[in-house]
Amino acid sequence: MDTSVIIFSVVSFIVGFAIHFAYKMVKDGKETELGKNKAQVIIRDAEKEAEQKIIKSELKAKNLVEKKTSELDKMVREKQKELSKIEQRLQSKEENVDRKFETFDKKMAEVEKREKNLDIQKEDIRAREEELDGILEQAKGKLEEIAGLTREAARQELVNIVENEAKHEAAKRLKAIEEELNSSAEERAKDIISIAMQRYAGSYTGERTVSVVNLPNDDMKGRIIGREGRNIRSLELRTGVDLIIDDTPETVVVSSLNPIRREVARKSLEKLIEDGRIHPARIEEIVEEVEKDIKKEIQKAGEEAVFDLGIPNMHPELIHHVGRLKYRTSYSQNILSHSIEVAFICGMLASEIGYDSKLARRAGLMHDIGKSVDHEIEGSHIEIGTDLVTKYGEPAEIIDACEKGHDPQPQGVLPLLVQAADAISAARPGARRETYEAYIKRIQDIENIALTFHGVEKCYAIQAGREVRVIVESGVINDEEGAVLSHEIAKKIEKEVAYPGQVKVTVIREVRSIAYAS
Numbered sequence: 187m188d189t190s191v192i193i194f195s196v197v198s199f200i201v202g203f204a205i206h207f208a209y210k211m212v213k214d215g216k217e218t219e220l221g222k223n224k225a226q227v228i229i230r231d232a233e234k235e236a237e238q239k240i241i242k243s244e245l246k247a248k249n250l251v252e253k254k255t256s257e258l259d260k261m262v263r264e265k266q267k268e269l270s271k272i273e274q275r276l277q278s279k280e281e282n283v284d285r286k287f288e289t290f291d292k293k294m295a296e297v298e299k300r301e302k303n304l305d306i307q308k309e310d311i312r313a314r315e316e317e318l319d320g321i322l323e324q325a326k327g328k329l330e331e332i333a334g335l336t337r338e339a340a341r342q343e344l345v346n347i348v349e350n351e352a353k354h355e356a357a358k359r360l361k362a363i364e365e366e367l368n369s370s371a372e373e374r375a376k377d378i379i380s381i382a383m384q385r386y387a388g389s390y391t392g393e394r395t396v397s398v399v400n401l402p403n404d405d406m407k408g409r410i411i412g413r414e415g416r417n418i419r420s421l422e423l424r425t426g427v428d429l430i431i432d433d434t435p436e437t438v439v440v441s442s443l444n445p446i447r448r449e450v451a452r453k454s455l456e457k458l459i460e461d462g463r464i465h466p467a468r469i470e471e472i473v474e475e476v477e478k479d480i481k482k483e484i485q486k487a488g489e490e491a492v493f494d495l496g497i498p499n500m501h502p503e504l505i506h507h508v509g510r511l512k513y514r515t516s517y518s519q520n521i522l523s524h525s526i527e528v529a530f531i532c533g534m535l536a537s538e539i540g541y542d543s544k545l546a547r548r549a550g551l552m553h554d555i556g557k558s559v560d561h562e563i564e565g566s567h568i569e570i571g572t573d574l575v576t577k578y579g580e581p582a583e584i585i586d587a588c589e590k591g592h593d594p595q596p597q598g599v600l601p602l603l604v605q606a607a608d609a610i611s612a613a614r615p616g617a618r619r620e621t622y623e624a625y626i627k628r629i630q631d632i633e634n635i636a637l638t639f640h641g642v643e644k645c646y647a648i649q650a651g652r653e654v655r656v657i658v659e660s661g662v663i664n665d666e667e668g669a670v671l672s673h674e675i676a677k678k679i680e681k682e683v684a685y686p687g688q689v690k691v692t693v694i695r696e697v698r699s700i701a702y703a704s
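Residues are numbered in our numbering as their position in the sequence shown, beginning at 1, plus a constant of 186.
What follows is the structure, given as structure tokens:
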């Protein structure tokens, strides 16, 4: 239809143009008769041509309409087929849904039926439980009448019987386990410890908080004090110690809790006495020289310790901290000597059990490294030591040993080795000094703890408090209870008394039979 309109417009335009042209020729007066005839001919030809084109356009439009109508009918038929298929699918789904609803209704009916049956069964069970409770109450009443005991008394009696049987069984099993372990482990442990102790021998130095400087004569005291005390004040301020000058002839006492400061002051004073020039400027100069010398000695001591132990790749700052232990004491032990000894013993213990001896020696040397600066930094020497070895890149095993080596129950092979070596070093004869009063008090505390337990008749602490022999009443404590008693006494001693090494608790039960002949 659009094409025919276009053709019709074109034809109309041509006809109009021809008429206009003819009209123009007539109007201008130039037309001739021949022109009129030609114009008529042109008009007729144009009209014919227009009619033919209109006919052709109508035919084309008709064909186009038929074609489009056919395509539209085809599309409609296809859509109808699709709609038919969709309707079939929907109908099928509806049928499935209907079937599912029917199945669901059936199941719901079955569930309701089962619920009714369960309610009936619950009622039946409740009735039977009530019946059984009544029978049980009657039985308990009869039992109470027969036994002459109340329910609470019978329950307590049963608990006591079960508890006594459990204790008896536990004691028997504990004794059997101890015998089995002691038969093999004790000999092996003694061998390992004795070998490690025999393979190392070390010397000890006593703990002191003062150093004594001998003077050539008593006149030197006045020179050390100086005019209005300026020399002694300058020395004390520069070194951080107290100088005690009293009536003791030809002696000056240097007092300080910091051993490095005390050593600096002692050496500085000796150099000043030897030099003879004692005044604040010279004191400043000498103290500075001595501090440099002490620093070199500390580094040298640390390097020698690391070299003797065969420990490679240690941070220089950590070596310096090791050297500082030379001027640190604890429980009358020089910490550097103690750490070296612990390192050697730890390495020997490790070699006996097949562990890495080099790593064990390293851990033994580092176990008290925090004591090198514990008087300068807040915190325990364990925390400080752990921070130091972490800061200077020590292996994870060394960090773990420093952190757990002082725990009551350390976990891991290396912390256990360090703790054992530390205890051996501290427990060796002459390793540590303690006052007579503290020693006597510890012995008395151990004996008093053992005497607090039921059935203990006498108690004796022997071997400098390293063993406790407990004599029990044979009629009160049997063999199995004796095994339990030894463990309970040991736990209480471990909790309440501070002691070096270990305390062995031996429970002795003696049966005496006496008869008289007359």
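By construction, the Cβ of each residue, glycine as well, lies at the ideal position given by its N, Cα and C atoms.
- prompt: Would P445 pass as a contact of R514 if the rule is Cβ separation under 7 Å?
  reply: Taking 7 Å as the Cβ cut-off, P445 and R514 qualify as a contacting pair.
query: Would you report the Cα separation of V693 and I610, rounded to the nearest angstrom?
result: For V693 and I610, the distance between alpha carbons rounds to 25 Å.
query: If you compare alpha carbons, which of V691, E633, V683 and S525 is closest to E674?
result: Nearest Cα to E674 within the set V691, E633, V683 and S525: V691.
query: How many angstroms separate the CA atom of K407 from the CA atom of I484?
result: Distance between the alpha carbons of K407 and I484 is about 30 Å.
- prompt: For V427, which of helix, strand or coil comes out of DSSP?
  reply: The three-state secondary structure of V427, taken from DSSP, is coil.
- request: Consult DSSP for E323 and reduce its assignment to one of helix, strand or coil.
  value: E323: helix per DSSP, three-state reduction.
message: Within a Cβ cutoff of 8 Å, which residues of the same chain sit near E643, ignoring the five residues on either side of it in sequence?
response: Scanning its chain for C-beta atoms nearer than 8 Å, with the 5 sequence neighbours on each side dropped, one finds around E643 the residues I657, V658 and E659, in chain order.
message: By the three-class DSSP mapping on this structure, what secondary structure does R646 have?
response: Sequence check: residue 646 is Tyr here, not Arg. Strand.
field: Cα-Cα separation between R619 and Q519, rounded to whole angstroms
entry: For R619, the pLDDT reaches just 47, beneath the cut-off of 50, and the residue's location in the model is therefore unreliable, although a value from the coordinates is still provided. Each residue's alpha carbon lies about 8 Å from the other.
- request: Apply the 10 Å Cβ neighbour rule to E527 and answer buried if 16 or more other Cβ atoms are within range, or exposed otherwise.
  value: Around the Cβ of E527, a 10 Å sphere holds 16 or more other Cβ atoms; the residue is buried.
query: Taking one C-beta from the stretch 498 to 506 and one from the stretch 462 to 473 each time, how about it: are there three or more such pairs within less than 8 Å?
result: Result no; under three Cβ-Cβ pairs closer than 8 Å.
message: So the candidates are T289, Q342, P402 and T255; which of them puts its Cα closest to the Cα of E456?
response: It is P402.
message: Taking its Cβ as the centre, do 16 or more other Cβ atoms sit within 10 Å of T425, making it buried, or is it exposed?
response: Of the residues assessed, T425 falls on the buried side of the cut-off, its CB having 16 or more other CB atoms within 10 angstroms.
message: At the level of alpha carbons, what is the spacing between S149 and M552?
response: Residue 149 lies beyond the range of the chain shown here (187 to 704); nothing can be said about it.
- prompt: Taking Cβ to Cβ, would you say I149 is nearer than 7 Å to A549?
  reply: Past the boundaries of the shown model lies residue 149; the chain is included only from 187 to 704, so the question cannot be answered.
- prompt: Under the rule that 16 or more other beta-carbon atoms within 10 Å means buried, what is V251, buried or exposed?
  reply: Counting other Cβ atoms within 10 Å of its Cβ, V251 stays below 16 and is therefore classed as exposed.
query: Start and end of the beta strand (DSSP E) containing R655?
result: Per DSSP, R655 belongs to the beta strand (DSSP E) from E653 to V658.
query: Who are the Cβ neighbours of V654 in its own chain at under 8 Å, not counting the five residues just before and after it?
result: Taking C-beta separations shorter than 8 Å and ignoring five residues to either side along the sequence, the partners of V654 in its chain run I632, E633, A636, C645, Y646, A647, I648, I675, I679, V689, K690, V691 and T692, following chain order.
task: Decide if P502 is buried, meaning its Cβ has at least 16 other Cβ atoms within 10 Å, or exposed.
output: Burial call: exposed.
- prompt: Are the CB atoms of H507 and S543 nearer to each other than 7 Å?
  reply: At a Cβ-Cβ threshold of 7 Å, H507 and S543 do not count as neighbours.
- prompt: Would the beta-carbon of R463 fall within 7 Å of that of S397?
  reply: Using a Cβ distance threshold of 7 Å, R463 and S397 do not count as a contacting pair.
Buried or exposed by the 16-neighbour rule on C-beta atoms within 10 Å, applied to G202: Counting Cβ neighbours within 10 Å, G202 comes out exposed, since fewer than 16 surround it.
message: Measuring straight from C-alpha to C-alpha, what distance separates R416 and E477?
response: So the alpha carbons of these two residues sit roughly 21 Å apart.
message: Along the chain, where does the beta strand (DSSP E) containing V396 start, and where does it finish?
response: That run of the beta strand (DSSP E) goes V396 to N400.
query: Looking only at C-alpha atoms, which of I229, I347 and S195 sits nearest to S243?
result: Among I229, I347 and S195, the Cα nearest to that of S243 is on S195.
query: Is it right to say V262 is buried, meaning 16 or more other beta carbons lie within 10 angstroms of its own, or is it exposed?
result: Exposed is the call here.
- prompt: If I531 and A607 are in contact, beta carbons under 8 Å, what's the gap, nearest whole angstrom?
  reply: Right, their Cβ atoms sit about 4 Å apart.
- prompt: Hey, how far is the Cα of G276 from the Cα of I240?
  reply: The identity of residue 276 in the sequence shown is Leu, whereas the question assumes Gly. Here the alpha carbons of I240 and L276 stand approximately 52 Å from one another.
task: Kindly list the residues whose CB is nearer than 7 Å to the CB of G668, restricted to its own chain and excluding five residues on each side of it in sequence; keep chain order.
output: Here the set comprises V658, V693 and R695.
- prompt: Who are the near neighbours of G591 in its chain, counting only those whose CB is closer than 6 Å to its CB and skipping five residues on each side?
  reply: These residues qualify, in order along the chain: H553, P601, V604 and Q605.
field: Straight-line Cα distance separating K681 from G565
entry: Answer to the nearest angstrom: the Cα atoms are 23 Å apart.
message: Pull the bridge partners of V439 from the DSSP assignment, please.
response: When DSSP reads this structure, V439 sits in a beta bridge with V398 and I430.
Sheet register partners of K690 (DSSP bridge): For K690, which the question treats as bridged, DSSP gives the partners E653.
- prompt: Is A357 buried or exposed, if buried means 16 or more other CB atoms sit within 10 Å of its CB?
  reply: It is buried - the Cβ of A357 has at least 16 other Cβ atoms within 10 Å.
- prompt: Does DSSP classify Q519 as helix, strand or coil?
  reply: Q519: strand per DSSP, three-state reduction.
- prompt: From this set, K353, G579 and N249, which residue's C-alpha is nearest D665's C-alpha?
  reply: Checking every option, the nearest Cα to that of D665 belongs to K353.
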